[in-house]
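Going down the list, the sequences are from chains A and B. Once you know that position 357 of the first sequence is 357 in my numbering, the rest is easy, because the numbers rise by one and skip nothing. Counting from 1 along the second sequence, just add 1000 to a position and that's the residue number in my numbering. We put the CB at the ideal spot given by N, CA and C, even for glycine. See structure below.
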Amino acid sequence: MNTQGVSIVIPTLNEAGSLAELCERLEVTFSHTGMRHELIVIDDHSDDDTVEVAEQLAQQYPVRVYLKEGTPGKAQSLLEGFARTKYGIVGFIDADLQYPPEAFGEMFDAIVAGYDVVTANRVTHEEPAVRVLMSKLFTYFFVRLLHGLPFDAQAGMKLFRKDVLQEMTLAPTPWTFDLAFLVKAHANGRYLTSVDITFHTRKAGKSKVKLLSSSLEIMKEAVRLRFARRRPATINALGDHPTLGAGIAYRQKRFITHTTLPHHVSAVETFAPWQKIGLALGVAIMALGLVVNPLGTVMIAVAGITLVYFLDVFFNLYLVKKSLTSPPEIQIPTSVLENMDEASLPIYSILCPLYKEAKVLPGFLKAIEALEWPKKKLDVILLLEEDDEETLAVAQGHPLPSYVTLLIVPHSEPKTKPKACNYGLIYARGEYVVIYDAEDVPDPWQLKKAYYAFGHVGPEVRCLQAKLNYFNHDQNLLTRLFTAEYSLWFDVMLTGMQTINTTIPLGGTSNHFRTADLMSLEGWDAFNVTEDCDLGTRLFRWGYKTAVIDSVTLEEANSRLKNWIRQRSRWLKGYLQTYFVHMRHPWQFVRENGWHALAFQFIVGGKVLFILINPIMWLMTIGYFVAYSWLAETIELLFPTVIFAMAAFSLIFGNFLQFYYYMIGCAKRQQWHLMKYVYLLPVYWLITSVAGYVAVYQLLRKPHYWEKTHHGLYVEPLQAQTHETLTAHSTP
Amino acid sequence: MKHSLPIPLHNMRLPLLIAVLTAVSVISFIYYGSSGLALVYNDARSHLNIGRRVVEGLTPGLPQIGSVWLPLTHFLMIGTIWNDFMWHSGLAGAIQSMIAFVATGGIIYLYLREIGVGVLSRLVAVSLFVLNVNVLYLQSTAMTELMLLLTMTMGAYRLLRWFKSDSLIYLIGAAFWVMLSTLVRYDGWFLCVFSTTLVFGYTWWVKNYREGEGKAILFFTLAGFGIFLWLLWNWLIFKDPLYFAFGPYSAHTQQSQLESAGILATKHNLWFSIKVYVYAMAYNIGVVPLVAGAVGALLLWFNKRFSPAIRIASVSLLAPLLFNIIALFLGHSVLFIEGLSGQSWFNVRYGIMMMPSIAIFVGYGLHVLPRVIKMPAAAGVITVALFALLYQEGVTILDAKYGSSQKNVSQVSAWLHAHVPDQEGLVLISAASHDAIIFSSGLPMKRFIHEGTGDWWRQATQTPDHWARWIVMRTYSEEDSTYRLIKDTPGLQYYTKVQAYPFADVYELKPQYLPRMSQKIAQGVQ
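Shown next as structure tokens:
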């Protein structure tokens, strides 16, 4: 698109008398701006000489004349005209000379100043008082009050950036283009302003406006627009790259995500409308039930929850059994890794988003240096945020190896890691790409293992997930339990999920892709704060697989409670986002995925649900025994015999098995010293539930907010350890 | 024409063995069932009754499981015990013993295969187990011994595989089977501690303390989960986690009574405890297999060609031996050998617990014999076993028929069977003392008010005349809780002693007081 010019669309219908003067005045106006320009006349099949006049003018001025092809009405003329414009700034003006074309000069200045849409504002009228009054009343009630826009929306003269129009879909009736355009531009986060003008009386021709019917048409549209669903709009890429600068506009905000991932598979909207209604309805029914029949309502709720718990016990048992009996991790023979022909290795890109993590940068560079991959074929991209001055200063002051590039991610919302990764992906040169967090210490052989594995798995495997664990597991009790949890997740549960070929929520780092595959997957959802979980689910839904490789990346376990809760609440919030995104069309989801749809309920939805409900069930259990004489009878009432049996089974065996799985995880990872701490898990589960409630609160209040986890709390002890000590678990 | 590949014979050995074991099991059950021996153990009938009470009675439900006996076998009965035939034939309880018998035979075979023993020796070992009259008898009854043998042997087998491979799945598997054994008999509790010690000690020795500790915790957490559940269950049902150990019907109480009577001779006498248990083994297993097994065990442990892992793993097979000796020594168990201690065979069946272990040791011993004498030795072992089977009455049957393990309840139960079915009203009886009567009466469980019926029992022992038409109790015996509780109640005077038997007496409410009985009892619950 050529942005260096202005295209003005002039819709005409029997305007032969005023067209010449209009074109002349427009020519004068744009000559003053020094901009290239064009005038596009769209004639709505005039009965007079409008077309002939226009064609004559075309000899003199940069005028192009077209006969309208579509339905009658001004709006259609405008749309056809816009479609034929060639410049980046587009405007339109009625041909009746009631709007002063000279005002385009001031409007153009506003565009240059940064506004996206400039509309004329009729402050002085030469029209009859009745018409003026009606216009003002309409503007006040239907534009200001209904839509909150302080503009003269129906003014027939506007100037705007062409991409404003490209972000929206419009299907206006003859007189409803203007308001819809402004409302949608505003909703898309565009900057709007107005330029005061005098609205003159018509000099020639007749007005086409039928005051009453046109007004009614516009009013109806105003109301419809107010209550229509505000769908997110796609922000197109800037042009140099298919995703650079792309994003989503929603609720008056512009999010530059550097991906063209469609909004319907993104968490930009937390809930689909029916989900909101469903949730509200659920709460309302529950509340009503509690008033009308409290016992019955609670009994039904308890029965439902118990059934889910009961099924989950068996699902997890099945996963763990599969994981233990047929471990699916891709094992790579030592000799293969050691004898790999380095000359034939492709470029491997490493994306490392850093935000306020200056302290960990030296450690990361050390870890990367230790990677067994020819450095000239390494493409390490450090993704720094434009506003993170401290990390920027450290990174720019640090002597960086030739294979490391600093890439500054331009400031934009949402400020999330996946957004930065999408940006980094644009610049990744490698045939393969992996994400590492800045505090990561990957197994030095990991890239070779992944490369080898990619060569030996089918094309349906789009992602290889390395196992994650922690290097500071012995720092305190929290890190011990956190490590046990990671060992369970990565060494037992993920492998179990892989065994049954179901959806795998990826770990935040150390996921390897073929770069082209990742591009075709549209990268990450920048709105999802657990983007890895979402990407794993998306991979599965689109018919691909994730495999786990037998390689470990060590990370820094959160060692401070508040920091831990922040991190966990973000993860859980992301799980909820993922759940609601992929459950927007539940029937379709079930049709496409069969029983895996049920697995998804347990793996993603159930995981959070249990975290939220667990404290209630524990309280009930403790209450039952501690205050037996007061509470036992009531609690027993809530659990009919069958439900009681299932609940008791889930309580005893479910909790025990969960607890035991942690031990199995530690055992698989050979973390024998952590085994005894697993007995303290109930405390850990409790704080997980606290994080769960924070997650729900945040999901409702600030769904895209990225709770930053502070790393680098273990920098000194880490530096005291040699890389060899840290990665002693790694074997080629 | 299609040709299917013949299945190699060695792949068919185990299925064939299982088929033969199954046939032997069924024939054995039919034999003992038809000869009226399947239910002579008083305990067998009580086990069946416990299972039945879960599904039928005045207050059915899982809380009926509990008290002294561990719950797994009762729990496993739930699927079949509702059927009157399965209950009264004893099949509901025997069927699990039969399955355990077949599986244990298979495990003996697999255990020996795992340590490289040849087919002949494996089959001889299994034969030794299968041809043992006491094993065959116990597998045909609703007793718990066979289930214990299965769970313990399976635990030992899985442990062996773990010792050999260091694979986590086997360690967890071993823990699981040990956990099941802890829910069958208290012998399993010892195995739990013993095998945890083995896991810990061995790992510490070959790896390091940390790993030893970790693996021991991993093992014990699962293996001991059954114990935890049992304590929890006792706490929930009886409000005392140690009710099973110190409650009124516990072994502890029983042993205290024996001790006060001066017949708990093994207590604090290690030598005598060993002697009694060795005799019990000899009576159950046979002297020749026992000696051969001891030799086999020594050969196994001193065979340097075997890795220490296998030799240490096989130590777990000794758990029943150690448990029983320690239990006798500490006075936690009682076992009589006629002529040696006591004048009966009470609990002599405990000697059978070492049967699978002895079979395995014999199998190994045979395996290492020189080829020249292997066949004659195998033939000799089989001959001795067959001879014992054909010409000796099992000591467990003696215990059941004549020892303290049986009680002559037939007179009382026959009376109930003749008088109660066609009349309205309930029978007040202590299940702890007279479960065999309940079983043999042929009446449905819901005709009895016993300790497990909660409020029914509480009310009936306060005002029996309002609740029970008949009372069965051992008059003047304080051990009989019915007598102990109602002896001073005014209601007792409204009853007539209609029958007095050596074992217990039957009382019936006088006709003029029948209207006192609750309408609900008179009509509803029947």
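For B/Trp-1470, which of helix, strand or coil comes out of DSSP? strand
Which of the residues in the segment 1110–1128 of chain B, read from start to end, lie with their CB under 9 Å from any CB of chain A? none
Go through its chain and collect everything with a Cβ distance to A/Val-90's Cβ below 8 Å, but skip five positions before and after it. Val-6, Ser-7, Ile-8, Val-9, Phe-82, Leu-159, Phe-160, Arg-161, Lys-162, Leu-165
Okay, do the segment 394–414 of chain A and the segment 508–524 of chain A touch, 3+ Cβ pairs below 8 Å being the bar? no
Run down chain B in chain order and give the residues with a C-beta less than 9 Å from the C-beta of A/Ala-667. Leu-1168, Leu-1171, Ile-1172, Gly-1214, Lys-1215, Leu-1218
Going straight from the alpha carbon of A/Ala-393 to that of A/Leu-407, what length do you get? 13 Å
Based on the DSSP output, what are the partners of A/Phe-92 in its beta bridges? A/Val-9, A/Lys-158
For the segment 337–353 of chain A and the segment 422–432 of chain A, state whether three or more C-beta atom pairs, one from each stretch, are separated by less than 8 Å. yes
How far does the alpha helix (DSSP H) with A/Leu-406 in it extend, from its first residue to its last? No alpha helix (DSSP H) contains A/Leu-406, which is instead part of the beta strand (DSSP E) from 404–409.
Could you name each continuous alpha helix (DSSP H) segment of 4 residues or more that falls completely within the segment 607–679 of chain A, going from the start of the chain to the end? 607–626, 628–638, 641–649, 655–668
Using a Cβ-Cβ cutoff of 9 Å, what residues of the segment 670–681 of chain A are near chain B? List them in chain order. Gln-670, Gln-671, Trp-672, His-673, Leu-674, Met-675, Lys-676, Val-678, Tyr-679
For A/Asn-469, write down the residues that DSSP places opposite it in a beta bridge. A/Leu-554
Am I right that B/Ile-1358 and B/Ile-1115 are in contact with their C-beta atoms under 8 Å? What's the rounded C-beta distance? Going by Cβ atoms, the distance from B/Ile-1358 to B/Ile-1115 rounds to 15 Å, so no, they are not a contact pair.
For a quick check, are the C-beta atoms of A/Ala-557 and A/Ile-611 less than 9 Å apart? no
For chain A, is any of its Cβ atoms less than 9 Å away from the one on B/Thr-1221? yes
Quick one: which unbroken beta strand (DSSP E) runs of 3-plus residues sit fully inside the segment 347–426 of chain A? Chain order, please. 348–354, 378–385, 404–409
Please report the distance separating the alpha-carbon of A/Asn-563 from that of A/Val-608. 19 Å
Count the other CB atoms, across all protein chains shown, that sit within 10 Å of the CB of A/Ala-153; report buried if there are 16 or more and exposed otherwise. buried
Can you pull out the residues from the segment 500–519 of chain A whose beta carbon lies closer than 9 Å to at least one beta carbon of chain B? none
Straight-line CA distance for A/Met-286 to A/Ala-301? 9 Å
So, is A/His-473 buried or exposed, given that buried needs 16 or more other C-beta atoms within 10 angstroms? buried
Per the DSSP calculation, A/Glu-442 is bridged to which residue(s)? Sequence inspection shows Pro at residue 442 of chain A; the Glu mentioned does not correspond to that position. For A/Pro-442, which the question treats as bridged, DSSP gives the partners A/Thr-553.
Listing by chain order, which chain A residues have their CB less than 9 Å from the CB of B/Phe-1244? By Cβ distance, chain A contributes nothing, its closest Cβ being about 18 Å from B/Phe-1244, past 9 Å.
Based on Cα-Cα distance, which residue from B/Gln-1255, B/Ala-1294, B/Ser-1341, B/Met-1098 lies nearest to B/Gly-1331? B/Gln-1255
With A/Asn-511 as the anchor, note down where its beta strand (DSSP E) starts and where it stops. 511–514
Is the Cβ of B/Phe-1163 closer than 9 Å to any Cβ of chain A? no
If you draw a straight line from the alpha carbon of A/Thr-416 to that of A/Leu-383, how long is it in whole angstroms? 12 Å
Chain A within 9 Å of B/Glu-1560, Cβ atoms only: It is not possible to answer for residue 1560 of chain B, since the shown part of chain B is limited to 1001 through 1526.
Report buried or exposed for A/Phe-141, applying the criterion of at least 16 other Cβ atoms within 10 angstroms of its Cβ. exposed
Proximity to A/Asp-94 [Cα-Cα], best of A/Thr-12, A/Asp-43, A/Pro-242: A/Thr-12
Can you pull the DSSP bridge partners for A/Arg-64? A/Ile-40
Count the other CB atoms within 10 Å of the CB of A/Pro-505; is the residue buried (16 or more) or exposed (fewer)? buried
Starting from A/Tyr-318, trace the alpha helix (DSSP H) in both directions and tell me its first and last residue. 294–325
Considering only their Cβ atoms, is the gap separating A/Ser-194 from A/Val-118 smaller than 9 Å? yes
In terms of residues, what are the limits of the alpha helix (DSSP H) holding B/Val-1276? 1270–1285
Check whether A/Thr-530 and A/Gln-577 have beta carbons under 9 Å apart: yes
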